[in-house]
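First the structure, in the form of structure tokens, and then the observations on it.
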């Protein structure tokens, strides 16, 4: 990512504001119409294609996760906090989710907030990193959904540079990421978005994380954000016999295995632990397969449209199942041996 992009984006925003009658009141930030104008006029050539840093480099990361939604989030967070040689964790944001769980909907953010804290406690890491509550789904196409989590993302992003960007790993709806960008477009040059999708590529942008906030998903695709699409992970099965050995790997390992007994679905031999793949791929890029591809537009019916207007993104389309679990098991065992 280059410094010229920051300069160009800043000048573009200023020229947009100054050349229109849409100026916001002092102290109020940019208006809804200004956000719409900025996004509609983006040059696809401005979108930088991110590069995954080599295995030996550390990434500054915020994990944005609907931790109470699914067991795979719980396992993914665990791998992340056990991989501190790779991740310089800035904090966690609890994302919204809505499904048939009793904690879903309006209570989902708080449930995820508490689950993140539980995982940190089981790992003996209580209080080590900030944990913040994210936002409810966006109500309007270009209006950010406010929360302490969104403000935290902006704060940490503005402390970053194009040379040392902040990675936002999204393991849930894109609400917090999109809202941070809409509220402060200058973060575009300072962050890399790594988002879990598993879509029906290249036809449909269908995934639970998309359905959770379609407006936010469209913002991420249609923006100038450097974007890594994690588009695999369904095959990350873990037979119950395989996770049984986690019981002997300390309090966290026991918690991860016994979490499976909360649902028969979690015990299924064909249950994919999807989000675990995101963390494994970032921890060791050699476990995954990557391609640079055109970024499609996303229609309201979730159809992909490849019209060449949104620049290019990096897509992860496969990951080694056995190597992923070997990595996870090794990390759990190392924690237990301390």
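Numbering (the working numbering), first residue to last: 62 to 399.
Positions of the beta carbon are idealized from the N, C-alpha and C atoms, including for glycine.
Treat the numbers as computed from the prediction; the structure is a model and nothing was measured.
{"Check": "Would you tell me roughly how many angstroms separate the C-alpha atoms of residue 300 and residue 209, rounded to the nearest one?", "Outcome": "38 Å"}
{"Check": "Counting only the same chain and skipping the five closest in sequence on each side, list residues whose C-beta sits under 7 Å from that of residue 297.", "Outcome": "333, 334, 335, 337, 338, 382 and 385"}
{"Check": "Could you check the C-alpha separation between residue 161 and residue 138 for me, to the nearest Å?", "Outcome": "22 Å"}
{"Check": "Is there contact here, the stretch 358-366 with the stretch 267-276, by at least three beta-carbon pairs under 8 Å?", "Outcome": "yes"}
{"Check": "Would you kindly work out how many angstroms separate the C-alpha atoms of residue 163 and residue 154, rounded to a whole number?", "Outcome": "21 Å"}
{"Check": "So, at 6 Å on beta carbons, what are the nonlocal neighbours of residue 130 in its own chain, with the 5 sequence-adjacent residues on each side left out?", "Outcome": "158"}
{"Check": "Note the first and the last residue of the continuous alpha helix (DSSP H) segment covering residue 403.", "Outcome": "Past the edges of the chain, shown from 62 to 399, lies residue 403, and the structure says nothing about it."}
{"Check": "The beta strand (DSSP E) that contains residue 169, what's its start and end?", "Outcome": "Per DSSP, residue 169 belongs to no beta strand (DSSP E); it is in the alpha helix (DSSP H), 169-183."}
{"Check": "Is it true that the CB of residue 218 sits closer than 9 Å to the CB of residue 227?", "Outcome": "yes"}
{"Check": "Using only alpha-carbon positions, find the residue among 376, 329, 319 and 318 that is nearest to residue 346.", "Outcome": "376"}
{"Check": "From which residue to which residue does the beta strand (DSSP E) around residue 351 run?", "Outcome": "349-355"}
{"Check": "Nearest CA to the CA of residue 148: which residue from 133, 355, 179 and 190?", "Outcome": "190"}
{"Check": "Pick helix, strand or coil for residue 407, following the three-state DSSP scheme.", "Outcome": "It is not possible to answer for residue 407, since the shown part of the chain is limited to 62 through 399."}
{"Check": "Could you tell me whether the Cβ atoms of residue 266 and residue 277 are closer together than 9 Å?", "Outcome": "no"}
{"Check": "With a CB to CB cut of under 8 Å and the five nearest residues on each side skipped, what residues in its chain are close to residue 194?", "Outcome": "154, 155, 170, 171, 174, 208, 209 and 210"}
{"Check": "Which residues does DSSP list as the beta-bridge partners of residue 290?", "Outcome": "256 and 376"}
{"Check": "Please classify residue 395: is it buried, with 16 or more other beta-carbons within 10 angstroms of its beta-carbon, or exposed?", "Outcome": "exposed"}
{"Check": "At which residues does the alpha helix (DSSP H) containing residue 215 begin and terminate?", "Outcome": "209-219"}
{"Check": "Would you identify the three-state DSSP class for residue 143, choosing helix, strand or coil?", "Outcome": "coil"}
{"Check": "Short of 6 Å in beta carbon distance, which residues of its chain neighbour residue 244, apart from the five on each side in sequence? Order them along the chain.", "Outcome": "205"}
{"Check": "Anyone know if the C-beta pair for residue 179 and residue 316 falls short of 9 Å?", "Outcome": "yes"}
{"Check": "According to the neighbour-count rule (16 or more other Cβ atoms, all chains shown, within 10 Å of its Cβ), is residue 103 buried or exposed?", "Outcome": "buried"}
{"Check": "Let me confirm a value: residue 126 is counted as buried when at least 16 other C-beta atoms fall within 10 Å, else exposed. Which label applies?", "Outcome": "buried"}
{"Check": "Anyone know if the C-beta pair for residue 318 and residue 304 falls short of 9 Å?", "Outcome": "yes"}
{"Check": "Tell me the rounded alpha-carbon separation between residue 287 and residue 325.", "Outcome": "38 Å"}
{"Check": "Helix or strand or just coil, what does DSSP make of residue 341?", "Outcome": "helix"}
{"Check": "Give the C-beta separation of residue 310 and residue 280 to the nearest angstrom, bearing in mind that I take them to be a contact with Cβ-Cβ under 8 Å.", "Outcome": "Going by Cβ atoms, the distance from residue 310 to residue 280 rounds to 40 Å, so no, they are not a contact pair."}
{"Check": "Our contact map puts residue 289 next to residue 255 with C-beta atoms below 8 Å; I'd like the distance itself, whole angstroms only.", "Outcome": "4 Å"}
{"Check": "Is residue 203 helix, strand or coil when you go by DSSP?", "Outcome": "coil"}
{"Check": "Is the beta carbon of residue 215 closer than 9 Å to that of residue 248?", "Outcome": "yes"}
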